[in-house]
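Participant: Numbers 11 to 576, taken from the working numbering, label the letters of the sequence shown in order. Note that beta-carbon positions come from the ideal geometry of N, C-alpha and C, so glycine has one too. Owing to the predicted nature of the structure, the values given are computational and were not obtained by experimental measurement. Have a look at this one before I ask anything.
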Amino acid sequence: MQNYSTILECFWNSPDIGTFRNPADNWQRLEAMDSQKIRQFVLDLTFGLINAGLEKGDRIAIWAPNCILWFMMDMAALSAGGIVVPIHQTTTQEGAQKQTAHAQCKMLVTIGTNIQAIQEFKKIGIEKIILLDSTYLVFTADPSCVTLGTLITDACLRYPGTHIENHLTYMSTLPLVSDYDPATIIYTSGTTGEGKGCVHTHGDIAKNLKMIGLLNLVQKNERYVSFLPLSHIFERWVQWFLFLSGAYIYHCDKTTPANLMEAFQLHQPTLICTVPSLLEKIHAGKGLSPIKRTLLGLAFRAYRKNWPTIFKNILDRTVIQTIKKKLGGSVRTLLVGGAPIRTEIIKDFNAIGLDSRVGFGMSEAGVITLDSDGTNPGAAGKPLSGVEIKIIPTDEWPQTHKNPYIEGEILVKSPGLMKEYYRNPEATGKILQDNWLATGDIGYLDNKGILRIIGRVKDMIVLGNGEKVFPLPIEEKILQYPEIQQVCIIGNSRNFVKALIVPQNQHTRKEDFDNILQKVNSRLEKWEKIYEFEIIPEPFTIEAGLLTPTLKLRRNAISLRYGSTL
Numbered sequence: 011m012q013n014y015s016t017i018l019e020c021f022w023n024s025p026d027i028g029t030f031r032n033p034a035d036n037w038q039r040l041e042a043m044d045s046q047k048i049r050q051f052v053l054d055l056t057f058g059l060i061n062a063g064l065e066k067g068d069r070i071a072i073w074a075p076n077c078i079l080w081f082m083m084d085m086a087a088l089s090a091g092g093i094v095v096p097i098h099q100t101t102t103q104e105g106a107q108k109q110t111a112h113a114q115c116k117m118l119v120t121i122g123t124n125i126q127a128i129q130e131f132k133k134i135g136i137e138k139i140i141l142l143d144s145t146y147l148v149f150t151a152d153p154s155c156v157t158l159g160t161l162i163t164d165a166c167l168r169y170p171g172t173h174i175e176n177h178l179t180y181m182s183t184l185p186l187v188s189d190y191d192p193a194t195i196i197y198t199s200g201t202t203g204e205g206k207g208c209v210h211t212h213g214d215i216a217k218n219l220k221m222i223g224l225l226n227l228v229q230k231n232e233r234y235v236s237f238l239p240l241s242h243i244f245e246r247w248v249q250w251f252l253f254l255s256g257a258y259i260y261h262c263d264k265t266t267p268a269n270l271m272e273a274f275q276l277h278q279p280t281l282i283c284t285v286p287s288l289l290e291k292i293h294a295g296k297g298l299s300p301i302k303r304t305l306l307g308l309a310f311r312a313y314r315k316n317w318p319t320i321f322k323n324i325l326d327r328t329v330i331q332t333i334k335k336k337l338g339g340s341v342r343t344l345l346v347g348g349a350p351i352r353t354e355i356i357k358d359f360n361a362i363g364l365d366s367r368v369g370f371g372m373s374e375a376g377v378i379t380l381d382s383d384g385t386n387p388g389a390a391g392k393p394l395s396g397v398e399i400k401i402i403p404t405d406e407w408p409q410t411h412k413n414p415y416i417e418g419e420i421l422v423k424s425p426g427l428m429k430e431y432y433r434n435p436e437a438t439g440k441i442l443q444d445n446w447l448a449t450g451d452i453g454y455l456d457n458k459g460i461l462r463i464i465g466r467v468k469d470m471i472v473l474g475n476g477e478k479v480f481p482l483p484i485e486e487k488i489l490q491y492p493e494i495q496q497v498c499i500i501g502n503s504r505n506f507v508k509a510l511i512v513p514q515n516q517h518t519r520k521e522d523f524d525n526i527l528q529k530v531n532s533r534l535e536k537w538e539k540i541y542e543f544e545i546i547p548e549p550f551t552i553e554a555g556l557l558t559p560t561l562k563l564r565r566n567a568i569s570l571r572y573g574s575t576l
């Protein structure tokens, strides 16, 4: 990967690319594909898109579940000179139309269940809709909607003989793609409003992947289960990197806990990339009996405190092996990103032999830092090679007197930075100045050059008495208790903060929550203490508009939804 300047050069020329496998009963009916089959299929798709009218610089949206075809359509569109606009599969049709309209997309790649209103997409400029799944027949004479089979068949008639053995000859006829050409527009989750489209070039993607490669975290025959949305930069960058490093990749398009555990046990991944919620559920013993949940907590403590071997062995056989088997039994490394995770979870997983690393990244910058040696649980890690970080003190966040290091907004300079926000020069000018990206996060660098994040500027609560509070550290302390499933701290314009609590069990008594919050308050500053709480009877979900597709809290939406309880 080190010798290529674009991801396309690596894909078409690298000898070490990986293989894909899906469950035999998946909707794609593609059981397995080796590197030669993948390249051949991508070549067919590339000429299919060109034959359908995709030209260099055209935007093409992908709105579909994780699958082999998602990845191959991505590579085909890039090879044809297109700019890929990924859309979260959970996005509503209205949301998908907004993003495709803003990105000025010419084509849409999706599945049959997403196209109830073909005409609505045509009204916003979509000229061609391509269906990945052949199980949905489109009873329409509308030539703007085609199946994948039709796309490829029509291209083969126009471009006969496009065999992989001759792919270099055919590639030479495609539009020339340079390092500086846009490759993708990735829309941010929009925790506080409408998302913005981050434009990444072929060059900045390749540079970010090279920076990840220098960490030497991945082995050639790594086994990996893909379940995070490919529409998010974290999973897409990781999957590109793993595929180009020779990994075996398995897709899981259904991400319920039961489906995930089944996929893990079937494919036995050696590496898992995840957001915190999965590890939080496992750490809390979700799905275990009350006795085993108690034993799990005891086991984490035994390993963390290095109890005598005889006790650890008993707990290992009783409960730790159960946890490891849930993850497939072969996991060597857990990479966590997308949102903050509680320090004690990382410590506990490391203690039982599951090497857990935390990273920090953004849609605007790709991967920025990683705790590459696993020795700094709770920290975001050191900057990747080529990444510069500086901390700028800000009036919005006064220096904490207990911290000897300078606190302030985190600014980043990196070869992996986006080019701009698409069609939003005002927002681009605010976040990018002199090639420095203002992340909107508050944090500090310690004496080892390790980045530690305190919270988001936008999340900061300003109390009625002028005190400023970051909700995230408080929420992390509350979530240490297994009785709590979710929590959101709210308090703007009041003189104290309050907690909206989603319990793990609706039968938990109010007195139990009182006791938990008393313990939490004993660890908080005076202005951070929680004086009110409300029990929320249903979880915060993506479907309810209370979580982003990457499972971050939409604090404004939660506040509006439950404002009457406050």
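Going by CA-CA distance only, name the one from Ile301, Val377, Pro350, Ala273 that's closest to Gly223.
Facilitator: Taking only the C-alpha atoms, the option nearest Gly223 is Val377.
Participant: Mind checking which residues open and close the beta strand (DSSP E) that includes Arg367?
Facilitator: From DSSP, the beta strand (DSSP E) with Arg367 extends over 365 to 372.
Participant: Who pairs with Gly465 in a beta bridge, going by DSSP?
Facilitator: Ile452, per the DSSP bridge assignment.
Participant: Alpha carbon to alpha carbon, how far is Arg565 from Ala165?
Facilitator: Roughly 48 Å between the two C-alpha positions.
Participant: Quick one: what's got a C-beta closer than 6 Å to Ser569's C-beta in the same chain, skipping five residues either side?
Facilitator: Cβ within range, chain order: Ile500.
Participant: Where do the ends of the alpha helix (DSSP H) carrying Cys166 lie?
Facilitator: Run containing Cys166: 158 to 168, per the alpha helix (DSSP H) assignment.
Participant: Answer with buried or exposed for Val235, where buried requires no fewer than 16 other C-beta atoms within 10 angstroms of its C-beta.
Facilitator: The residue is buried, with at least 16 neighbouring Cβ atoms inside 10 Å.
Participant: So what does DSSP say about Phe89, is it helix, strand or coil?
Facilitator: According to the sequence shown, residue 89 is Ser rather than Phe. It is helical.
Participant: Among Ala71, Glu104, Leu79, which residue has its Cα nearest to the Cα of Ile93?
Facilitator: It is Ala71.
Participant: Is the distance from the Cβ of Ala113 to the Cβ of Tyr432 below 8 Å?
Facilitator: In this structure, Tyr432 lies closer than 8 Å to Ala113 by Cβ.
Participant: For Lys138, collect the residues of the same chain with a Cβ closer than 6 Å to its Cβ; drop the 5 residues on either side in sequence, then sort them by chain order.
Facilitator: Excluding sequence neighbours, Lys138 sits near Ala62, Met117, Ser154.
Participant: If distances are taken between C-alpha atoms only, which option among Cys262, Leu254, Tyr258 comes closest to Leu240?
Facilitator: Answer by Cα proximity: Cys262.
Participant: Buried or exposed: which applies to Tyr454, given that a residue is buried once 16 or more other Cβ atoms fall within 10 Å of its Cβ?
Facilitator: Per the 10 Å Cβ criterion, buried.
Participant: With a threshold of 8 Å, are at least 3 pairs of Cβ atoms found where one atom belongs to the region 15 to 31 and the other to the region 249 to 266?
Facilitator: Yes: the two stretches touch, three or more of their Cβ pairs being nearer than 8 Å.
Participant: Helix, strand or coil: how does DSSP classify Phe310 here?
Facilitator: DSSP places Phe310 in helix when its eight states are reduced to three.
Participant: As a quick exercise: from Val346, Ile399, Pro403, Arg314, pick the residue whose alpha carbon is nearest that of Gly363.
Facilitator: For the residues Val346, Ile399, Pro403, Arg314, the minimum Cα distance to Gly363 belongs to Arg314.
Participant: Going by the CB atoms, is the gap between Arg367 and Leu394 shorter than 8 Å?
Facilitator: Not in contact: Leu394 and Arg367 (Cβ atoms no closer than 8 Å).
Participant: Exposed or buried, which one is Ala268 when buried takes at least 16 other CB atoms within 10 Å?
Facilitator: So Ala268 counts as exposed.
Participant: Verify whether the separation of the beta carbon atoms of Ala390 and Leu482 is less than 8 Å.
Facilitator: Cβ atoms of Ala390 and Leu482: not closer than 8 Å.
Participant: What would DSSP say about Trp537, mapped onto helix, strand or coil?
Facilitator: Three-state result, Trp537: helix.
Participant: To the nearest angstrom, report how far apart Thr120 and Ala74 are at their CA atoms.
Facilitator: Cα-Cα distance, rounded: 5 Å.
Participant: What three-state label does DSSP hand Gln496 in the structure shown?
Facilitator: Here Gln496 sits in strand by DSSP.
Participant: Tell me Ser236's beta-bridge partners as DSSP assigns them.
Facilitator: Note: Ser236 sits in a beta bridge opposite His261.
Participant: First and last residue of the alpha helix (DSSP H) that includes His210?
Facilitator: From DSSP, His210 is part of no alpha helix (DSSP H) but of the beta strand (DSSP E) over 207 to 211.
Participant: Please name the residue or residues paired with Met117 in a DSSP beta bridge.
Facilitator: DSSP, once it has assigned bridges, lists Ile70, Lys138 as partnering Met117.
Participant: Is it right to say Gly426 is buried, meaning 16 or more other beta carbons lie within 10 angstroms of its own, or is it exposed?
Facilitator: Gly426 should be labelled buried.
Participant: Work out the CA separation of Thr404 and Val156 for me, nearest whole Å.
Facilitator: C-alpha separation (whole angstroms): 53 Å.
Participant: Cβ of Ile416 within 8 Å of Cβ of Pro387?
Facilitator: For Ile416 and Pro387, no; Cβs fall outside 8 Å.
Participant: How about Leu306 and Gly295: do their beta carbons lie closer than 8 Å?
Facilitator: Yes, Cβ-Cβ distance for Leu306 and Gly295 is below 8 Å.
Participant: Note down the Cα distance separating Lys66 from Lys478, rounded to an integer number of angstroms.
Facilitator: Lys66 and Lys478: Cα-Cα distance of roughly 49 Å.
Participant: With Cys283 as the anchor, note down where its beta strand (DSSP E) starts and where it stops.
Facilitator: It spans 281 to 284 - the beta strand (DSSP E) in which Cys283 sits, taken as one unbroken run.
Participant: Helix, strand or coil for Ala42? Go by DSSP, reduced to three states.
Facilitator: Here Ala42 sits in strand by DSSP.
Participant: Compute the Euclidean distance between the alpha carbons of Thr266 and Val285, then round it to the nearest angstrom.
Facilitator: Near 14 Å, if we compare the C-alpha coordinates of Val285 and Thr266.
Participant: Measure how close the beta-carbons of Ser199 and Thr558 come, nearest whole angstrom, since I'm counting them as under 8 Å.
Facilitator: Their Cβ separation, rounded to whole angstroms, is 4 Å, which keeps Ser199 and Thr558 in contact under 8 Å.
Participant: Output needed for Asn231: all residues of its chain with C-beta closer than 6 Å, excluding positions within five of it in sequence on either side, in chain order.
Facilitator: Counting only Cβ-Cβ distances below 6 Å, and skipping sequence neighbours, we find nothing.
Participant: Give a yes or no on contact between the region 121 to 140 and the region 103 to 111, applying the rule of three or more CB pairs nearer than 8 Å.
Facilitator: Yes, the region 121 to 140 touches the region 103 to 111.
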